[in-house]
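Okay, so the sequence shown: first residue is 5 according to my numbering, each after it adds one. Note that the Cβ used here is the ideal one computed from N, Cα and C, for glycine as well. Below: the structure, in structure tokens.
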Amino acid sequence: MTDKKKQPESRRTEDLSPAELRAQIEEDKKKVSRSTVFLFAALIAIIVICIAWFVANTRVNVTTGAISAQDSTLFELASVGSRTEAESGHLVDANKKNLLTVGNEENYKTYYDMQTQTEVTKEQTYHVGTADLAWYLQSANGVVSPGASGKLEFYIIPKVKNLKNVTVKLNVAAYGKANNNGTIEETNDEALKRLIKGHILLFQNLDDQKGYSNWLTPADDGKYTFTVSAANSKAFTQNVPYKVTVYWIWPKYFRNYIYTQKSTQEDLFGNSPDKPTYDKLLAYVNNQRTLTSSTLFYKAGNEPNITGDINNSMDDTLLSTCSQYYDDADEYIGTKAGYLYVRAEAEGATSNG
Numbered sequence: 005m006t007d008k009k010k011q012p013e014s015r016r017t018e019d020l021s022p023a024e025l026r027a028q029i030e031e032d033k034k035k036v037s038r039s040t041v042f043l044f045a046a047l048i049a050i051i052v053i054c055i056a057w058f059v060a061n062t063r064v065n066v067t068t069g070a071i072s073a074q075d076s077t078l079f080e081l082a083s084v085g086s087r088t089e090a091e092s093g094h095l096v097d098a099n100k101k102n103l104l105t106v107g108n109e110e111n112y113k114t115y116y117d118m119q120t121q122t123e124v125t126k127e128q129t130y131h132v133g134t135a136d137l138a139w140y141l142q143s144a145n146g147v148v149s150p151g152a153s154g155k156l157e158f159y160i161i162p163k164v165k166n167l168k169n170v171t172v173k174l175n176v177a178a179y180g181k182a183n184n185n186g187t188i189e190e191t192n193d194e195a196l197k198r199l200i201k202g203h204i205l206l207f208q209n210l211d212d213q214k215g216y217s218n219w220l221t222p223a224d225d226g227k228y229t230f231t232v233s234a235a236n237s238k239a240f241t242q243n244v245p246y247k248v249t250v251y252w253i254w255p256k257y258f259r260n261y262i263y264t265q266k267s268t269q270e271d272l273f274g275n276s277p278d279k280p281t282y283d284k285l286l287a288y289v290n291n292q293r294t295l296t297s298s299t300l301f302y303k304a305g306n307e308p309n310i311t312g313d314i315n316n317s318m319d320d321t322l323l324s325t326c327s328q329y330y331d332d333a334d335e336y337i338g339t340k341a342g343y344l345y346v347r348a349e350a351e352g353a354t355s356n357g
């Protein structure tokens, strides 16, 4: 079994001989050809990451696709950007109800960036609503496929003076392709549901030195939970939008989970990786070696489970085996999924809570 996606850790492109470099280029051409067939066969070019931010009260419950609010409104969740007219009329829940609504528009002249901890003077139109909000988030090349990455940006707008933190839960779900009446429904494919949890990764931070850090892992309920808190244990300022960013990536190669050459090999981590994040992800990868329950690898036939420790010093045979199973999972996702959709629910706490 050959590793079509691997370049050994000890051999960078500049270290290859002319003959080896030509062989590498030919292999890359084959890989691109294979990927192109995959993209068209799976209609992956129409896959988008859509996000629905529900207006949050002290608690928001999602019940059979409907939103029920409890208590008085503490904050709103808002987005900035173009709307999704096509999906707003076709993306439906199990009860055939439309998941996306238009909402309202509000203008604010400044916002506070939670990542840089700075106030930004920039007038923007924010989409808020009484049920949900949505917009397209796509990678730079306009498609979502292995190797794609981007960021989810949303804003918390406090409506009270004593809001101290907001807990956000994200859920990545796969939707099928449009049926005869144009509607798009969530898939019941358990393997697909499982695999997107391992192939669509969410992180809270990204920089050149560390690469990705603060990995968001799905809990037992399948949701990615994190808390946004006001600086210095104080309360958020009422009616000021607070920008929150979550980075997402669909790693192109299995090796990207393990190695640390982000600038040259598209790995998740830079030369100085965040050790807690790296160790956590490495432990996760090793826990996915049982193929029937793996969120990372796909078992197409009667292949044996993966054996041996997975790390940056594993041998080429193990790396090749893992890469093949990872590629099989990529193809399964591309063949079965029409859309990837991120939903969010949130609840807040005040200084009196």
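Contact set for Glu-190: own chain, Cβ-Cβ below 6 angstroms, skip 5 residues either direction: The residue you call residue 190 lines up with position 186 of the sequence shown. Excluding positions up to five away in sequence, the list reads Ala-177, Tyr-179.
So for Val-289, helix, strand or coil by DSSP? Taking the sequence shown and counting its residues from 1, one reaches residue 289 at position 285. Three-state result, Val-289: helix.
How far does the beta strand (DSSP E) with Leu-349 in it extend, from its first residue to its last? Position 345 of the sequence shown, counted from the first residue, corresponds to residue 349. First, the residue type needs correcting, since residue 349 is Glu and not Leu in the sequence shown. It spans 343 to 354 - the beta strand (DSSP E) in which Glu-349 sits, taken as one unbroken run.
What's the call for Gln-292, buried or exposed, on a 16-neighbour Cβ count within 10 Å? Translated into positions along the sequence shown, residue 292 becomes position 288. Result: buried.
Give the straight-line distance between the Cα atoms of Thr-201 and Thr-241, rounded to the nearest whole angstrom. Your numbering for residue 201 matches position 197 in the sequence shown. Your numbering for residue 241 matches position 237 in the sequence shown. Residue 201 is actually Lys in this sequence, not Thr. Going by the C-alpha atoms only, they are around 35 angstroms apart.
State yes or no: is the C-beta of Ile-161 within less than 8 angstroms of the C-beta of Phe-273? Numbered from its first residue, the sequence shown carries residue 161 at position 157. Numbered from its first residue, the sequence shown carries residue 273 at position 269. Not a contact, by the Cβ cut-off of 8 angstroms.
Between the Cα of Thr-299 and the Cα atoms of Tyr-263, Tyr-288, Asp-212, which residue gives the shortest distance? In the sequence shown, counting from the first residue as 1, residue 299 sits at position 295. Closest by alpha carbon: Tyr-288.
Coil, strand or helix - Lys-214 by DSSP: Position 210 of the sequence shown, counted from the start, is the residue given in the question as residue 214. Coil.
Starting from Lys-4, follow the alpha helix (DSSP H) in both directions and report where the run begins and ends. Lying outside 5 to 357, the shown extent of the chain, residue 4 is not represented and no answer is given.
Helix, strand or coil for Ala-235 per DSSP? Against the sequence shown, residue 235 aligns to sequence position 231. Three-state result, Ala-235: helix.
Express the C-alpha separation of Phe-301 and Leu-199 in angstroms, rounding to a whole number. Your numbering for residue 199 matches position 195 in the sequence shown. Your numbering for residue 301 matches position 297 in the sequence shown. Cα-Cα distance, rounded: 8 angstroms.
Given Gln-128 as reference, the closest of Asp-117, Glu-110, Thr-120 once Cα atoms are compared: Here residue 128 corresponds to residue number 124 of the sequence shown, with the count starting at 1. Selected option, being the one with the closest Cα: Glu-110.
In the structure shown, what three-state DSSP assignment does Phe-301 receive? As a working note, residue 301 is residue 297 in the sequence shown. The answer is coil: DSSP assigns Phe-301 none of H, G, I, E or B.
I think Tyr-246 touches Tyr-115, with their Cβ atoms under 8 angstroms apart; what is that distance to the nearest whole Å? Along the sequence shown, read from residue 1 onward, the residue named residue 246 stands at position 242. Along the sequence shown, read from residue 1 onward, the residue named residue 115 stands at position 111. That pair is a contact at about 7 angstroms.
Report the partner residues of Gly-154 according to the DSSP bridge assignment. By one-based count along the sequence shown, residue 154 stands at place 150. Answer by DSSP bridge pairing, in chain order: Trp-252.
So Glu-109 is in the beta strand (DSSP E); what residue range does that whole segment cover? The residue labelled residue 109 in the question sits at position 105 within the sequence shown. It spans 108 to 117 - the beta strand (DSSP E) in which Glu-109 sits, taken as one unbroken run.
Would you report the Cα separation of Thr-125 and Val-84, rounded to the nearest angstrom? In the sequence shown, counting from the first residue as 1, residue 125 sits at position 121. In the sequence shown, counting from the first residue as 1, residue 84 sits at position 80. Cα to Cα, the separation comes out at about 15 angstroms.
Buried or exposed: Ser-149, going by 16 or more other Cβ atoms within 10 Å of its Cβ? Position 145 of the sequence shown, counting from 1, holds the residue named residue 149. Result: buried.
Sub-8 angstroms separation of Lys-155 and Tyr-251 beta-carbons: Position 151 of the sequence shown, counting from 1, holds the residue named residue 155. Position 247 of the sequence shown, counting from 1, holds the residue named residue 251. Their beta carbons are under 8 angstroms apart, which means Lys-155 touches Tyr-251 by this criterion.
Residues near Ala-223 in its chain [Cβ-Cβ closer than 7 angstroms; skip 5 each side]: Translated into the one-based positions of the sequence shown, residue 223 becomes position 219. Result list for Ala-223: Thr-229, in chain order.
Bridge partners for Gln-208 per DSSP, in chain order? Position 204 of the sequence shown holds residue 208. According to DSSP, Gln-208 bridges with nothing at all.
Nearest residue (CA-CA) to Val-164, options Lys-227, Ser-153, Ala-82, Thr-77: By one-based count along the sequence shown, residue 164 stands at place 160. It is Thr-77.
Ser-267 burial status per 10 Å Cβ neighbour count (16 or more: buried): Taking the first residue of the sequence shown as position 1, residue 267 is located at position 263. Under this definition Ser-267 is an exposed residue.
Got a sec, what are the start and stop residues for the alpha helix (DSSP H) Tyr-329 sits in? Stepping through the sequence shown from its first residue, residue 329 is reached at position 325. Element bounds for Tyr-329: 320 to 340.
Using the beta-carbon count (16 or more within 10 Å), is Asp-283 buried or exposed? As a first step, residue 283 must be located in the sequence shown, where it is residue number 279. That one is exposed.
Taking C-alpha atoms, which residue in Ala-195, Phe-207, Asn-290 lies nearest to Glu-157? Residue mapping note: residue 157 aligns to position 153 of the sequence shown, counting from 1. Comparing Cα positions, the closest option is Phe-207.
Would you mind working out which of Ile-314, Val-346, Ala-350 sits nearest Asn-175, comparing C-alpha positions? By 1-based counting over the sequence shown, the position of residue 175 is 171. When only C-alpha atoms are compared, the closest one is Val-346.
Cα-Cα separation between Ser-233 and Glu-349, rounded to whole angstroms: Stepping through the sequence shown from its first residue, residue 233 is reached at position 229. Stepping through the sequence shown from its first residue, residue 349 is reached at position 345. Computed Cα separation, rounded: 16 angstroms.
Between the beta-carbon of Pro-277 and the beta-carbon of Lys-197, is there less than 8 angstroms? Position 273 of the sequence shown, counting from 1, holds the residue named residue 277. Position 193 of the sequence shown, counting from 1, holds the residue named residue 197. No, the pair does not count as a contact, with Cβ atoms beyond the cut-off.
Going by DSSP in three states, Leu-167 sits in which element: helix, strand or coil? Numbered from its first residue, the sequence shown carries residue 167 at position 163. Three-state result, Leu-167: strand.
Please look up how many angstroms separate the CB atoms of Leu-205 and Pro-255, rounded, as I've assumed it's under 8 angstroms. As a working mapping, residue 205 is identified with position 201 in the sequence shown. As a working mapping, residue 255 is identified with position 251 in the sequence shown. Leu-205 to Pro-255, Cβ: 7 angstroms. Contact.
Counted within 10 angstroms of its Cβ, other Cβ atoms place Lys-100 as buried (16 or more) or exposed: Translated into positions along the sequence shown, residue 100 becomes position 96. Answer is exposed; the Cβ neighbour count stays below 16.
Environment of Asp-313 [buried if 16+ CB atoms lie within 10 Å]: Locating residue 313 in the sequence shown gives position 309, counting from the first residue. Under this definition Asp-313 is an exposed residue.
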